[in-house]
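For the sequence shown, counting from 1, position 403 maps to 487 in my numbering; every step adds exactly one.
All C-beta atoms in this analysis are idealised placements derived from N, C-alpha and C, irrespective of residue type, glycine included.
Please read all numbers here as calculations on a predicted model, not as lab measurements.
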Amino acid sequence: MPDLPGARALLAVVAALAGLTAAGASAEDDAFSLASLGVKGTAVYKNFSHFETTRDDPQLIRNEGLVRLEVNRRLAPWSDAKVVGELRKDDDDLTDGVSFQIQEKNRRRSLLDLKEAVLTLRGGPLEAGLGKQIYAWGTADTFNPTDNLNAYDYLDVIDNEKLGLWSAALRLTAAATTATFVVVPAFVPSRLPLPRSRWTPSLPAGFVGVADDPEVPRVTAGNLQYAARVRTTVRGVDVSASYYDGFEHVPVLRVSSLAVAPGVVLPRFTPVYTRVKVPGLDVSTTYGGFELHAETAARFVESNGRDDRWQGIAGFNYTWESPPLPGVEQIVFLAEYAREVTLRSRSGSNFLPLDSLPGLGDLVSSTVFREALIGRALVKLSEDTQVKLTSVFDLDAAPNAYVQPKVTHKLTDALQVEAGLDLFAGEPQSHWGRFRHNNRVFVFVKYFF
């Protein structure tokens with residue numbers, strides 16, 4: 085029988101799930117269950133099967149397995165603690181050893197990772213959160229211009245996730261109004277696709293240059309980052325105003341030159357991180373069966389950047405209860421329109437965004453939403469089964485799009501299966517079309533305990 089690492093990984097995960105199921109069954113008979121201890125967890129197996137190889141990535145199939153454990157404890161009437169840890173492994177070299185960093189700069193994931201670790205202290209209207217935290221600001225569904233605190237893991241650009249951020253947050257609540265202030269001592273960059281990844285487009289033929297390692301801002305008083313948000317409700321409308329003073333998590337390229345021999349000068353590209361000031365605003369409300377929302381922000385360059393930009397997104401959700409369709413209980417529709425406008429471009433600047441170099445691509449940057457139309461339909465067939473179709477159409481260039489149909493089915497209250505497709509279409513140099521060789525099938529198996 086051939087040696088199939090992916091098959092062995094799947095068998096190992098299935099065996100682990102079986103063991104967890106048995107443990108869960110015995111826990112139900114035990115007065116001290118995991119839930120009673122404030123512990124819950126998720127075991128996940130992921131399979132991605134691509135339809136074709138790429139020049140730099142001959143691997144068609146990737147398997148991943150992870151176990152996430154979350155512990156929530158009430159330490160005192162005025163204090164809580166939350167810790168989320170992960171154990172993960174894959175067969176595509178996306179994980180590498182075990183590491184712990186305040187300023188997380190590793191290009192790969194840690195086998196054992198502390199995702200969140202938060203100590204919450206309360207007193208009257210004040211609440212303080214200290215530790216490694218994940219924030220979620222904004223009202224839009226697909227893209228949030230005001231959500232700037234956390235970096236992302238983009239090793240798989242579509243199956244991405246937020247990275248925890250060591251920070252201190254202070255919240256003041258008065259009636260329907262909440263004010264939040266966040267201080268971040270150590271900048272964390274987004275984790276970009278590896279150089280040999282199918283998500284990193286190949287360099288153009290004949291391209292010659294020198295590529296430096298990224299210059300990550302050091303941990304100094306001058307590199308502290310700040311964010312603030314005030315949220316309230318006025319006559320049924322939720323309104324938030326926010327401000328971020330910090331770094332962009334995806335780098336731009338500083339272009340210079342390097343003399344490698346007498347009379348021979350090569351272009352030199354150094355990834356650097358733009359310092360920005362970002363005032364933002366978001367609103368949401370309901371009208372009949374519609375949920376309406378809009379979000380906007382302006383990004384003003386303070387250093388290491390070329391363009392000041394305005395970003396906005398607006399849309400709605402509509403829930404259709406009991407549609408006259410056989411076997412359909414509910415349909416939820418989403419539609420959004422995203423736009424980005426350059427407010428000011430500094431002439432003569434030696435800073436270039438990633439999409440300014442032919443073939444490098446810009447999928448991990450927000451410019452993919454320079455002008456885009458997003459649609460989603462979630463069809464609930466039963467309490468256990470639903471079908472979701474998501475599509476993103478880029479209107480800024482030649483027609484190109486990303487489409488994801490997905491089916492989710494609950495086998496039991498604890499065991500769930502998801503299966504779907506990631507499909508890319510368009511011209512080779514368009515936002516989505518440059519990833520047309522990455523079309524794939526995916527299957528996720530999730531066990532909750």
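Quick one: what's got a C-beta closer than 6 Å to residue i's C-beta in the same chain, skipping five residues either side?
{"i": "A325", "result": "V314, L365"}
{"i": "S433", "result": "R390"}
{"i": "L159", "result": "A165"}
{"i": "V491", "result": "V471, A503"}
{"i": "E413", "result": "K464"}
{"i": "G517", "result": "N484, G510, E511"}
{"i": "L507", "result": "V487, N523"}
{"i": "L195", "result": "T179, V182"}
{"i": "L499", "result": "Y531"}
{"i": "H327", "result": "Position check: residue 327 holds Tyr in this sequence, whereas His was assumed. So the list reads A312, P363, once near-sequence residues are dropped."}
{"i": "W394", "result": "A382, V425, L427"}
{"i": "A263", "result": "L256, V314"}
{"i": "L214", "result": "L203, A252"}
{"i": "D322", "result": "S368"}
Alpha carbon to alpha carbon, how far is residue i from residue j?
{"i": "V527", "j": "T304", "result": "43 Å"}
{"i": "V334", "j": "L121", "result": "39 Å"}
{"i": "P298", "j": "R352", "result": "12 Å"}
{"i": "P301", "j": "A258", "result": "36 Å"}
{"i": "I242", "j": "R282", "result": "12 Å"}
{"i": "E467", "j": "P407", "result": "16 Å"}
{"i": "V529", "j": "E502", "result": "6 Å"}
{"i": "Q488", "j": "S475", "result": "6 Å"}
{"i": "G125", "j": "S431", "result": "52 Å"}
{"i": "F519", "j": "T284", "result": "9 Å"}
{"i": "K216", "j": "V348", "result": "48 Å"}
{"i": "V167", "j": "L153", "result": "8 Å"}
{"i": "Y371", "j": "D225", "result": "18 Å"}
{"i": "E211", "j": "G399", "result": "32 Å"}
{"i": "F227", "j": "T403", "result": "21 Å"}
{"i": "G320", "j": "L505", "result": "39 Å"}
{"i": "T354", "j": "R206", "result": "44 Å"}
{"i": "L457", "j": "R172", "result": "35 Å"}
{"i": "F435", "j": "N234", "result": "23 Å"}
{"i": "A260", "j": "T496", "result": "39 Å"}
{"i": "I218", "j": "R192", "result": "19 Å"}
The ligand HEM and residue i: does the residue's C-beta get closer than 7 Å to at least one heavy atom of that ligand?
{"i": "W162", "result": "The ligand HEM is not among the ligands present in this structure, which contains no ligands whatsoever."}
Return the chain-ordered list of same chain residues with a C-beta closer than 7 Å to the C-beta of residue i, the five sequence neighbours on each side being excluded.
{"i": "A270", "result": "I186, Q187, W250, V303"}
{"i": "K361", "result": "D329, F384, E386"}
{"i": "S133", "result": "L144, I145, R524, V525"}
{"i": "N307", "result": "F271, P301"}
{"i": "P209", "result": "L256, T257, A258"}
{"i": "V292", "result": "L350"}
{"i": "G443", "result": "With a pLDDT of 46 at G443, under the threshold of 50, the modelled position of this residue cannot be trusted; read the value that follows with caution. Excluding positions up to five away in sequence, the list reads P285, S286, L287, P288."}
Buried or exposed for residue i, going by 16 or more other Cβ atoms inside 10 Å?
{"i": "K170", "result": "Note that residue 170 is Glu in the sequence shown here, rather than Lys. Classification of E170: buried, given that the 10 Å Cβ count is 16 or more."}
{"i": "Y486", "result": "buried"}
{"i": "S368", "result": "buried"}
{"i": "S514", "result": "buried"}
{"i": "R275", "result": "buried"}
{"i": "L239", "result": "buried"}
{"i": "T137", "result": "exposed"}
{"i": "Y129", "result": "buried"}
{"i": "E405", "result": "exposed"}
{"i": "P273", "result": "buried"}
{"i": "A253", "result": "buried"}
{"i": "V452", "result": "buried"}
{"i": "Q309", "result": "buried"}
{"i": "F533", "result": "buried"}
{"i": "P197", "result": "Checking the displayed sequence, the identity of residue 197 turns out to be Asp instead of Pro. By the neighbour-count rule (16 or more Cβ atoms within 10 Å), D197 is buried."}
{"i": "T223", "result": "buried"}
{"i": "V268", "result": "buried"}
{"i": "G149", "result": "buried"}
{"i": "F135", "result": "exposed"}
{"i": "F184", "result": "exposed"}
{"i": "P410", "result": "exposed"}
What distance in whole Å lies between the Cβ atoms of residue j and residue i, which are believed to be in contact at a cut-off of 8 Å?
{"i": "F265", "j": "A312", "result": "5 Å"}
{"i": "V155", "j": "V123", "result": "5 Å"}
{"i": "L337", "j": "V294", "result": "That pair is no contact at about 12 Å."}
{"i": "R423", "j": "D392", "result": "Not a contact, Cβ separation roughly 15 Å."}
{"i": "N388", "j": "Y357", "result": "6 Å"}
{"i": "G396", "j": "E379", "result": "7 Å"}
{"i": "D140", "j": "R280", "result": "5 Å"}
Can you list, in chain order, the residues of its chain whose CB lies under 8 Å from that of residue i, leaving out five sequence neighbours each side?
{"i": "D469", "result": "The residue asked about is misnamed: residue 469 is Thr in this sequence, not Asp. Hits under 8 Å: V491, T492, H493, K494."}
{"i": "W162", "result": "L205, R206, G207"}
With three or more C-beta pairs closer than 8 Å as the rule, is the stretch 459-477 touching the stretch 414-434? Touching, yes.
Meets three-Cβ-pair contact criterion under 8 Å: the stretch 243-251 and the stretch 342-349: no
Counting Cβ pairs closer than 8 Å, one from the stretch 473-489 and one from the stretch 194-209, do we hit at least three? Taking 8 Å as the limit for Cβ pairs, the verdict is that the stretch 194-209 does not touch the stretch 473-489.
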